[in-house]
Amino acid sequence: MTSIAAFLKRVTQLWQANDLALVGQRRERRMRLLASGVMLAVALFWGLYFSLRGTWSVVFMDLLMILCALGVFLLTLQGRAREANLLLFGVLIVVILYSTLVLDPPSAAAPRATHLYFLPLAVASLMTFRDEPFWLRYGMALVCLSLFAVLASTHWSPISAPGLPDEVRVIGSWVQSFAAMTMLFLLLHILQTDAAERSELDRDLRIAIREEQFVLHYQPQLDSVGRVTGAEVLIRWLHPQRGLLPPGEFVDHAEKSGLMLPIGEWVLRQTCAQLRRWRDDPVLGGLVLAVNISQDQFRQPGFVPDVLALIGESGVPARLLELELTETLIVQDMEDLTRKMTALVEQGVRFSLDDFGTGFSSLSHLKRLPLDKLKIDRSFVCDVLSDASSETIVRTVIALGRSMGMTVIAEGVETEAQRQFLVDSGCAQFQGYLFSQPLPLESFVDFVRRSRRAQASVIPAESALPDGAA
785 MTSIAAFLKR VTQLWQANDL ALVGQRRERR MRLLASGVML AVALFWGLYF SLRGTWSVVF
845 MDLLMILCAL GVFLLTLQGR AREANLLLFG VLIVVILYST LVLDPPSAAA PRATHLYFLP
905 LAVASLMTFR DEPFWLRYGM ALVCLSLFAV LASTHWSPIS APGLPDEVRV IGSWVQSFAA
965 MTMLFLLLHI LQTDAAERSE LDRDLRIAIR EEQFVLHYQP QLDSVGRVTG AEVLIRWLHP
1025 QRGLLPPGEF VDHAEKSGLM LPIGEWVLRQ TCAQLRRWRD DPVLGGLVLA VNISQDQFRQ
1085 PGFVPDVLAL IGESGVPARL LELELTETLI VQDMEDLTRK MTALVEQGVR FSLDDFGTGF
1145 SSLSHLKRLP LDKLKIDRSF VCDVLSDASS ETIVRTVIAL GRSMGMTVIA EGVETEAQRQ
1205 FLVDSGCAQF QGYLFSQPLP LESFVDFVRR SRRAQASVIP AESALPDGAA
């Protein structure tokens, strides 16, 4: 019972984590759920039917479809969208082609119908792989349409006689045609709905940029003694009708449509302005604010002078601004990346590598870049007490960062046991719901002041203890 409860808890955690991560990818999730659901229903129906008739070769194919549908579901839970999509389309193409040629050859009594599934499959592939490389985006759809055209235009089959009786195939032709057309209709509806949503989102985002409808939240970052050292700046969209929206609702679309550039510029400008307002505050004046930088934003030719201009206008020390990069970004163009980072570091700006361990960077990348901080991804911190691999990775990252003179910060810390493990392993800073969720400005300021007062009250009490007291 304990293992079952642990498994269910893990599935729930994966679902919740990936639900947030896939908010901006509703189109792909709907398609996968629809396709896997139809596959599962069709496979169960025909599997039961043919098992009663003793046609075990067909039952074996239906079991393959059931396993594929479950595999797609589990891969989606784990956030492995590309693998789920490739598995789904690969198995579907093989199953449809086998069924059409072996089980459903045309005859005088029953026409061929299974090949109709290639039509909704082509539409689904265009939706699913629209953000993939050109060859994959159009290649999969062309394969499906080509197979449909060939099968619809010829009567060829590798067998001389139908694999199923005509009376079964007549019923099957109606069922297959209805299922294929229903799937095609639903996919076209999803495509139209998604296009309308994307158009509306694009329009609303442009209005939001013009009217500055965004707000910043701050998630505190603390050191090993509980002192607030800074915060990660996180954007929220205060939508006039939908209320406060998390970044997962709009950042993905903003990056694909090129709107992330003005949004990122706004975040940097507001962050520098906030540092200027805190400059003379004895409690808030030394806090470091970390800002996530998108790939498109960093690749702009004027990125370095623009950042330095914002720092100069605000008049705050550049060391209080920390720019967070992802591992995907650092493998794109190392020469350009190194040159821009070096120019900013020479002026005092700090850099951190976000979600370290989940991307493609190597030690050769790390030693070439002037990084100040490594962030351990929350997926490793979540399992650090229950998974030996996560524990090893976390200890290795901490040792690596310290040996290279970097500060190591763990994000996603949710329990005291996790924090204590990280402290014992040498981690220097922490961020997560154990300490605080992302807070609006006023709440963050209150959090920092309360933390400082709490520390001030502890230090005099400890100093008042007599010599030798514990």
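Just so you know, the sequence shown maps onto residues 785 to 1254 in our numbering.
Each residue gets a CB set at the ideal place from its N, CA and C atoms; glycine is no exception.
Beta-bridge partners of residue i, as assigned by DSSP
{"i": "L1158", "result": "L1137 and V1192"}
{"i": "N735", "result": "Nothing about residue 735 can be read from this structure; the chain reaches only from 785 to 1254."}
{"i": "L1006", "result": "V1012 and F1214"}
{"i": "I1019", "result": "L1000"}
{"i": "L1223", "result": "Y1002"}
Supposed close pair residue i, residue j - CB separation, criterion 8 Å
{"i": "T1191", "j": "A1212", "result": "5 Å"}
{"i": "A992", "j": "Q1003", "result": "Not really, about 22 Å apart at Cβ, beyond 8 Å."}
{"i": "A893", "j": "V954", "result": "6 Å"}
{"i": "Y882", "j": "A964", "result": "Rounded, the Cβ-Cβ distance is 16 Å, inconsistent with contact."}
{"i": "L872", "j": "R816", "result": "6 Å"}
{"i": "I1182", "j": "G1210", "result": "5 Å"}
{"i": "L824", "j": "A853", "result": "4 Å"}
Three-way DSSP call (helix, strand, coil) for residue i in this model
{"i": "V807", "result": "Bear in mind that a pLDDT of 39 at V807, under 50, signals an unreliable position, so the number given afterwards is only what the model happens to contain. The answer is helix: DSSP assigns V807 an H, G or I state."}
{"i": "D1090", "result": "helix"}
{"i": "V1168", "result": "coil"}
{"i": "G1027", "result": "strand"}
{"i": "G1069", "result": "coil"}
{"i": "E1175", "result": "helix"}
{"i": "F757", "result": "Since the first and last residues shown for the chain are 785 and 1254, residue 757 lies out of range."}
{"i": "A892", "result": "coil"}
{"i": "S1153", "result": "The question names Ser, but residue 1153 in the sequence shown is Leu. Of the three classes helix, strand and coil, the one that applies to L1153 here is coil, per DSSP."}
{"i": "V1100", "result": "coil"}
{"i": "F1034", "result": "coil"}
{"i": "T839", "result": "coil"}
{"i": "S1041", "result": "helix"}
{"i": "R914", "result": "coil"}
{"i": "W958", "result": "helix"}
{"i": "R1234", "result": "helix"}
{"i": "T1126", "result": "helix"}
{"i": "H899", "result": "helix"}
{"i": "T1055", "result": "helix"}
{"i": "H939", "result": "coil"}
Burial state of residue i (16 or more Cβ within 10 Å)
{"i": "T938", "result": "exposed"}
{"i": "Y1217", "result": "exposed"}
{"i": "T860", "result": "buried"}
{"i": "Q1239", "result": "exposed"}
{"i": "W830", "result": "buried"}
{"i": "H899", "result": "buried"}
{"i": "E1106", "result": "buried"}
{"i": "V934", "result": "exposed"}
{"i": "A805", "result": "In this predicted model, A805 has a pLDDT of only 36, less than 50, meaning its place in the structure is not dependable; the value taken from the coordinates is given anyway. That one is exposed."}
{"i": "M889", "result": "Inspection of the sequence shows that residue 889 is occupied by Pro rather than by Met. Label assigned to P889: buried."}
{"i": "M1118", "result": "exposed"}
{"i": "A980", "result": "exposed"}
{"i": "T1180", "result": "exposed"}
{"i": "T977", "result": "exposed"}
{"i": "D1151", "result": "This sequence places Lys at residue 1151; Asp is not what is there. By the neighbour-count rule (16 or more Cβ atoms within 10 Å), K1151 is not buried but exposed."}
{"i": "V843", "result": "buried"}
{"i": "D1161", "result": "buried"}
{"i": "E1226", "result": "exposed"}
{"i": "M1188", "result": "exposed"}
{"i": "L1121", "result": "buried"}
{"i": "G956", "result": "buried"}
{"i": "Q1084", "result": "exposed"}
{"i": "E1195", "result": "buried"}
{"i": "L972", "result": "exposed"}
{"i": "S983", "result": "exposed"}
{"i": "L926", "result": "exposed"}
{"i": "T966", "result": "exposed"}
Same chain, Cβ closer than 7 Å to residue i, neighbours up to 5 away in sequence not counted
{"i": "L1029", "result": "R1020, W1021 and H1023"}
{"i": "V1017", "result": "L1000, Y1002, V1051, T1055, L1073, A1074 and V1075"}
{"i": "L1169", "result": "A1201, Q1202 and F1205"}
{"i": "F857", "result": "S820"}
{"i": "S1008", "result": "V1207 and A1212"}
Residues near residue i by beta carbon distance below 6 Å, same chain, minus five either side
{"i": "Q1138", "result": "Looking at the sequence provided, one finds Asp at residue 1138 rather than Gln. Excluding sequence neighbours, D1138 sits near E1108, T1110 and K1159."}
{"i": "S1235", "result": "V1012"}
{"i": "E867", "result": "L859"}
{"i": "T884", "result": "T898, H899 and L935"}
{"i": "E1049", "result": "none"}
{"i": "S835", "result": "V843"}
{"i": "G1185", "result": "L1158 and V1192"}
{"i": "V807", "result": "Note that V807 scores a pLDDT of 39, beneath 50, so its modelled location is shaky; the value from the coordinates is reported in the next line. Excluding residues within five positions, the ones whose Cβ falls inside 6 Å are G1032 and E1033."}
Contacting residues, own chain, Cβ-Cβ under 8 Å from residue i (five flanking each side not counted)
{"i": "R1103", "result": "V1072, G1132, V1133 and R1134"}
{"i": "D986", "result": "H1037, S1041 and L1043"}
{"i": "F932", "result": "H899, L900, F902, L903 and A906"}
{"i": "V1088", "result": "K1124, A1127 and L1128"}
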